[in-house]
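Below is one structure, written out as structure tokens; comments come after it.
This is the structure we're talking about:
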């Protein structure tokens with residue numbers, strides 16, 4: 031599955047800080063490197079919010095699997 035740190039739910043919390051809407055994408059520094067997260071809409075009938083931020087290295091299928099709690103191999 032995609033790691034939580036690579037997949038952020040808008041309105042959720044990361045390290046005690048609420049993830050706010052950052053428009054279509056945002057860039058942050060991780061381990062001295064710039065990493066871009068882009069907004070991705072994934073529908074799930076039980077989800078309160080369908081907008082997520084996905085790391086540039088996370089594929090859309092990995093993100094969908096994370097939302098639907100589908101294990102990946």
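Residue numbers (our numbering): 31 to 103.
For every residue, glycine included, the Cβ atom is placed at its ideal position computed from N, Cα and C.
Every value quoted in this text rests on a predicted model; they were computed, and no experiment measured them.
Integer Cβ distance of residue 81 from residue 69, believed to fall under 8 Å: Residue 81 to residue 69, Cβ: 6 Å. Contact.
Since residue 49 is in the alpha helix (DSSP H), which residue starts that stretch and which ends it? Per DSSP, residue 49 belongs to no alpha helix (DSSP H) and is neither H nor E.
So what's residue 95 in DSSP terms, helix, strand or just coil? It is helical.
Rounded Cβ spacing between residue 86 and residue 59 (contact assumed at less than 8 Å): With 8 Å as the limit, residue 86 and residue 59 do not qualify as a contact, their Cβ atoms being about 13 Å apart.
So, helix, strand or coil for residue 90, using DSSP? helix
Span of the beta strand (DSSP E) holding residue 68? 63-71
Just to confirm my understanding: we take residue 55, look at its own chain, exclude 5 residues before and 5 after, and list those with CB closer than 7 Å. What are they? 66, 67, 68 and 69
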